[in-house]
Ligand SMILES: [Zn+2]
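Residue numbers (my numbering): 98 to 493.
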């Protein structure tokens, strides 16, 4: 499909270029043949455009429209349009062409440099973008903050967490002071990334330091508390782990399924079975979810009987029907049935399992990206904390 906006934009760019060219040659009373060449170039560019040969039209545009203070914005805007359309190589060519003109004013060169860095980010050439942005941070007071914001983006995608933290601090001009409501949770995530790396290498001292830093930026960080709980568990301190994990449902009930396994392990480690039951019951009352319901049903099954567990699950399903609950309910009945009924229940269970497997468990509230894994940073729209477990009959 022809992109009309872009078509008209290029058309206008070429027409403006042609008019500017005519004016400048008139002023300077340049030879007729030069004016002729210019007119030919623009006619050819227009021809390419009409035949939807955008690449050739852009080549013609770059070759023919002289870069000057009068045409700078046209060049810049054309490059930006190309980047928005995903034509990264072409955008890079247009912006590189601007940067290669030493006659341009310094401020204009820096604007072209910023756009080129944005092209590199869009094309995934992060190291090139990083170099250009670092130069701008050092040399342009006007573009410093915008460049720093892009640098944070680059370091995030390169997983250079310490550098990202440093760039955010530079952006705010002070270390360990209160960040804005927009940046504090992001900075906490960067600290959590470092804490996760430290936990993976069993460097628990550093992990604690990074978790403390994360909570210093954002004391409601669910991820920091989850990591703190994991750390306490790894250090064989189940009571402390339970205390920390129990903060999470108050901070954000959406993350209850993420804490359950570890919480149950820690309660079992201290042998407080009754305490665990009471806590799970309170969770089910205050923030009903299938993960808690199934965990509680499993405990009734272990402590009492299959029949008691099935009765409990049946009552809960009547209040809050769900596929996962139904699957578990059938599981509890299969063992006590025989013959044809057992076969039918098995078939039903297989179908429900297939239905559950075909549905995503997590979805991004910002862009709709879905999958079966919890991402703190949405892989699609790059928003933090927007991916949550799916609710309703098919989800939690
Ligand atoms: Zn998203």
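For every residue, glycine included, the Cβ atom is placed at its ideal position computed from N, Cα and C.
Bridge partners - residue i, DSSP secondary structure assignment
| i | result |
| --- | --- |
| residue 478 | DSSP lists no partner for residue 478. |
| residue 468 | 459 |
| residue 484 | 461 |
Distance between beta carbons of residue j and residue i, contact taken as under 8 Å
| i | j | result |
| --- | --- | --- |
| residue 289 | residue 262 | With a Cβ gap of about 11 Å, residue 289 and residue 262 do not count as contacting. |
| residue 276 | residue 314 | 6 Å |
| residue 469 | residue 457 | 6 Å |
| residue 323 | residue 356 | 7 Å |
| residue 269 | residue 258 | Not quite, the Cβ-Cβ distance comes to about 17 Å (not below 8 Å), so this is no contact. |
| residue 174 | residue 192 | 11 Å between Cβ atoms; not a contact. |
| residue 321 | residue 311 | 4 Å |
| residue 234 | residue 248 | 7 Å |
| residue 377 | residue 389 | 6 Å |
Alpha-carbon to alpha-carbon, residue j and residue i
| i | j | result |
| --- | --- | --- |
| residue 252 | residue 423 | 45 Å |
| residue 493 | residue 351 | 9 Å |
| residue 419 | residue 478 | 29 Å |
| residue 401 | residue 360 | 21 Å |
| residue 267 | residue 285 | 16 Å |
| residue 407 | residue 345 | 29 Å |
| residue 122 | residue 168 | With a pLDDT of only 49 at residue 122, under the threshold of 50, the placement of this residue in the model should not be trusted, and no figure is reported. |
| residue 99 | residue 152 | Unreliable positioning characterises residue 99 in this predicted model, as indicated by a pLDDT of 44, which lies under 50. The coordinate reading is nonetheless provided below. If you take the alpha carbons of residue 99 and residue 152, they lie about 14 Å apart. |
| residue 459 | residue 231 | 37 Å |
| residue 475 | residue 436 | 48 Å |
| residue 291 | residue 301 | 11 Å |
| residue 343 | residue 414 | 26 Å |
Per-residue burial, residue i [other beta carbons within 10 Å of its own, 16 or more giving buried]
| i | result |
| --- | --- |
| residue 126 | Its pLDDT being 46, under 50, residue 126 is placed unreliably by the model, and the measurement read from it follows with that caveat. With fewer than 16 other Cβ atoms within 10 Å, it is exposed. |
| residue 438 | exposed |
| residue 297 | exposed |
| residue 329 | buried |
| residue 326 | buried |
| residue 367 | exposed |
| residue 171 | buried |
| residue 295 | buried |
| residue 335 | buried |
| residue 181 | exposed |
| residue 200 | exposed |
| residue 214 | buried |
| residue 184 | buried |
Closest by C-alpha distance to residue i, when choosing among the options
| i | options | result |
| --- | --- | --- |
| residue 96 | 211, 219, 249 and 353 | Residue coverage of the chain in this structure runs from 98 to 493, which leaves residue 96 outside it and unanswerable. |
| residue 473 | 403, 483 and 366 | 483 |
| residue 426 | 471, 446 and 384 | 446 |
| residue 429 | 398, 221 and 196 | 398 |
| residue 448 | 421, 319 and 375 | 421 |
| residue 202 | 184, 164 and 176 | 164 |
| residue 189 | 219, 205, 207 and 199 | 219 |
| residue 384 | 412, 347 and 491 | 347 |
| residue 417 | 475, 434, 490 and 317 | 490 |
| residue 254 | 411, 226, 183 and 178 | 226 |
| residue 464 | 450, 432 and 485 | 485 |
Minimum Cβ-Cβ distance from residue i to chain D less than 8 Å
| i | result |
| --- | --- |
| residue 432 | Any reference to chain D falls outside this structure, which holds one protein chain only. |
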